[in-house]
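Undergrad:
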């Protein structure tokens, strides 16, 4: 649906199809609220004591907006803190759009990881998480991050009770899986800038996890689930206990949890049978040197059954098990397997790497959480909190490659087959060493084994200041994340070369030597030589964050419309990082891994902030209420200097049932340690499946065969493709090496966020409609001085004028300068330093409908209840420009597999529930609009195919046996919808956006004692 009207029609249809009312999520006050009181329900606004407590029937928790607080509602003097503000208020209105999700709504998704649950909300684009393979998966290593509005997880601030969580990476993003689900009462999401309140990183918004405040007794929760194919088991078990003293002065809560998830490999899903088709194959290939090519006559003689010249002398030549040669390009004379781990695709012999990789990574996690507070007097409450999580993740990225280190074989190597020896003898320098590429199929798959140990310790004090209603809160937090990341096995290039250069094929070094020519040879790599060339490669990271913060808040004075309230905050925060890679990594001696250097650095910031709430009018004609909130923050960073952020927000309720809200925020994101201090760090970036996509210099590409093919050819030569190879050059792999480098000259990103919306809660007499609420919110976010690297595929597209940005085909083009090639013409590296680039801006509209209908109001249908919740997001624009001098390019309605960025115009989640006594049934519908491929923007002359619309349906059920026991069940992806193929490339999809598991089920229970 490309038009707004079409999207609205589909939305209306969705509401009609799933006609069940919404359930109201309950929201607890922040743990550091100076004055505590029962929470209020965010839709009905009755005191929480009058509502069903979280986890009880009827109704499952759903996402609900912060709604209108009526003047006549009985909230008394109860005071709470709304996410997005530090001021304690007695109502629950918010000038910022807030979506609240209860823990029961999260559990109803069937996921054992909280990020998979939240990613079902339309405001989120799946960030890194449990699913996906390859180099990017190894980098995330099982971390689960949140990405609001598709602006990146570095621009989404994650809080626990209003406080920052420990960073999980050098780039200052949070792994939300360190938060035990058993302690979570609700999750509040603000979409839009909030830096004036919380500081750096809140450009896209804030996700605040609120913990449970009081619990007397013990609660045990467990869940187990699997696919209907029985190949990916996931289990979660937690126990939480609490005690509150009789006088309510002492309170303690503690929880322990265990999560385990099995691995699902690509080979277990036929979808990935042709995924990531690599030209680095187990048979091995001889790669001719541009400066020492064999004669065409010798190559012709190696293929006597083909016409002369069919196989060019520049072609890579592989080795059949019988000793004969085959041409990798064209697959001429290939006698090996063509299914399973080997295929011929596009007449090129390849190995489908996705079959070897984890598409859902195995994970084992242990967590502990405890908090306690003791009220000595009204003036002093002491509190402490501890969090510890250990996560063991394992990422299978396939058999090692010989991509980044030259593998030179001596011309006297005894294992050289006679067919290749004749070709080598025809070279101008027949005794020179030669290069081969090979995948080590004789070794176990290359695995990244990662252990995270994350801890946070907080101590603080809060209380009343002794004048008016002023309160204070001061705390110190000490965070640490220790990461041990091992590659097992890592293949050492120096030792492989030593074996291949040895006159006896390495037999004198390790028994049996190493025969790299062909497969099916029992003596190709002996156990002794396998042990000799491999080593466990270790990487160690230590990430620390220390925070001291003090805040005071209270009433400045009173106006006719109410109290003018203010808060004042002072913060000091420091971040430290050290990275110690294995010596072999520093030396660049590990196959399939770029050279990586040690890194260390530190940053600190001193901040002061203030916020003022001013009630302007109340209970006068046309103004049930009119309030204004103003805020400002001054931050001094030791590396990048001073920066100001500020906000101005308003809430106008012309009548009791309607709230109109809006605001302007100036937000910032300061460069983090990784962006500032990173030493050159290697990675791999997928560029597509040749010849339909990939290297523009590939002779089969659209760039070379198009109307400007001669200019592209000249540019390819100017950027490093040898003239002798340019007319037969094939780049047959799907990924390129890139190197990211820190930059101390970076300045903070600056963003402007505008929001305007309305919350409507009609006061109908009919019980059918008296629990109806609707909200609509417009957002506009514009970021300048964006800190990022240029994407590797973007650099290629722009250098070779695939999007019109280098019309003169100049080798001095900025993007061309980033690309380096080796002597075969292949892309050796794309240098991608962190820069303050151009800009990023996005805008759209969020809709939300909540509706509850007691069945008894419809006739003699008993005490049952229908509820409906629908959250819809319409993306109006998503524009990027790489440099300040560039024009913005519009990416709305596109999908980018390389950067994991789906940007559908319409996305929505609709949930309906039917409650009958102690039994609750739910149906959830998730929808994503059709999207064009991103190449429609970055290379419009030859765009790849887009993707159609995608719909998933889930069923849930819950049964309460009694007050102590309840069970939950569910089936996700009810109709076993397969993931979509992106860019027309087999096996290419976005796990997390599209379901790679298939139809799955879960069974859970909760017991209270």
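Residue numbers (the working numbering): 4 to 1012. Don't be surprised by glycine CBs; every beta carbon is placed ideally from N, CA and C. Being a predicted model, the structure only gives us computed values, none of them experimental.
Under the three-state reduction of DSSP, which class applies to residue 938: helix, strand or coil?
TA: Looking at residue 938 - three-state DSSP - the assignment turns out to be helix.
Undergrad: Is the beta carbon of residue 276 sitting closer than 8 Å to the one on residue 358?
TA: yes
Undergrad: Taking three-plus beta-carbon pairs below 8 Å as touching, is the stretch 681-690 in contact with the stretch 741-749?
TA: yes
Undergrad: For the alpha helix (DSSP H) holding residue 712, just list the boundary residues, first then last.
TA: 712-721
Undergrad: I need the boundaries of the beta strand (DSSP E) containing residue 875, first residue and last residue.
TA: 868-884
Undergrad: What three-state label does DSSP hand residue 661 in the structure shown?
TA: strand
Undergrad: Between 260, 219, 233 and 255, which has its C-alpha nearest residue 239's C-alpha?
TA: 260
Undergrad: Counting C-beta neighbours from all protein chains within 10 Å, is the total for residue 355 16 or more, i.e. buried, or is it exposed?
TA: buried
Undergrad: Would residue 815 be called buried (16 or more neighbouring beta carbons within 10 Å of its own) or exposed?
TA: Exposed, since its Cβ has fewer than 16 Cβ neighbours within 10 Å.
Undergrad: Ends of the alpha helix (DSSP H) at residue 303?
TA: 299-305
Undergrad: For the alpha helix (DSSP H) holding residue 504, just list the boundary residues, first then last.
TA: First-last of the alpha helix (DSSP H) with residue 504: 496-504.
Undergrad: Whole-angstrom Cβ separation of residue 849 and residue 875, contact assumed at under 8 Å?
TA: 7 Å
Undergrad: Is the stretch 982-997 in contact with the stretch 897-904, if contact means three or more CB pairs nearer than 8 Å?
TA: Yes, they touch.
Undergrad: For residue 236, which of helix, strand or coil comes out of DSSP?
TA: coil
Undergrad: Have a look at the DSSP bridge pairing and note the partners of residue 905.
TA: Secondary-structure assignment with DSSP links residue 905 through a beta bridge to 898.
Undergrad: At which residues does the alpha helix (DSSP H) containing residue 680 begin and terminate?
TA: Element bounds for residue 680: 676-680.
Undergrad: State yes or no: is the C-beta of residue 345 within less than 8 Å of the C-beta of residue 314?
TA: no
Undergrad: Give a yes or no on whether the minimum CB-CB distance between residue 893 and chain D is below 8 Å.
TA: Of the protein chains in this structure there is only one, and it is not chain D.
Undergrad: Please give the ranges of any alpha helix (DSSP H) in the stretch 267-346, keeping only runs that are unbroken, at least 4 residues long and fully inside the region.
TA: 299-305
Undergrad: How would you write the range of the beta strand (DSSP E) that residue 637 sits in, first residue to last?
TA: 626-640
Undergrad: If you follow the beta strand (DSSP E) that residue 2 is part of, which residue opens it and which one closes it?
TA: No answer is possible for residue 2: it lies beyond the span of the chain, which begins at 4 and ends at 1012.
Undergrad: Taking the alpha carbon of residue 200 as the point to measure from, which residue in 570, 491 and 868 has its own alpha carbon closest?
TA: 570
Undergrad: Excluding the five sequence neighbours on either side, which residues of its own chain have a C-beta within less than 6 Å of the C-beta of residue 190, listed in chain order?
TA: Correct list, in chain order: 104 and 212.
Undergrad: What distance in whole Å lies between the Cβ atoms of residue 654 and residue 664, which are believed to be in contact at a cut-off of 8 Å?
TA: 5 Å
Undergrad: Going by other Cβ atoms of all chains shown within 10 Å of its Cβ, with 16 needed for buried, is residue 632 buried or exposed?
TA: Buried is the call here.
Undergrad: What separation, rounded to the nearest whole angstrom, lies between the Cα atoms of residue 318 and residue 834?
TA: 28 Å
Undergrad: What is the DSSP secondary structure of residue 157, reduced to helix, strand or coil?
TA: helix
Undergrad: Under a Cβ-count criterion, where at least 16 other Cβ atoms within 10 Å of its own Cβ denotes burial, should residue 647 be classed as buried or exposed?
TA: exposed
Undergrad: At a cut of 8 Å, does the stretch 370-387 reach the stretch 250-265 through at least three beta carbon pairs?
TA: Judged by Cβ distances under 8 Å, the stretch 370-387 makes contact with the stretch 250-265, as three or more pairs qualify.
Undergrad: For residue 565 and residue 198, what's the separation of their Cα atoms in angstroms?
TA: 27 Å
Undergrad: Shortest alpha-carbon distance to residue 943 belongs to which of 804, 840, 888 and 822?
TA: 804
Undergrad: Let me make sure I understand the geometry here. Which of 764, 934 and 545 has the alpha-carbon closest to that of residue 946?
TA: 934
Undergrad: Please report the residue range of the beta strand (DSSP E) in which residue 373 lies.
TA: In this chain, the beta strand (DSSP E) harbouring residue 373 covers 366-380.
Undergrad: Rounding to the nearest angstrom, what Cα-Cα distance links residue 52 and residue 253 in this structure?
TA: Confidence at residue 52 is low in this model, with a pLDDT of 29, below 50, so the placement of that residue is unreliable and no value is reported for it.
Undergrad: Can you give me the C-alpha to C-alpha distance between residue 605 and residue 89, rounded to a whole angstrom?
TA: About 28 Å.
Undergrad: By DSSP's criteria, residue 760 is part of a beta bridge. Which residues make up the other side?
TA: 664 and 780
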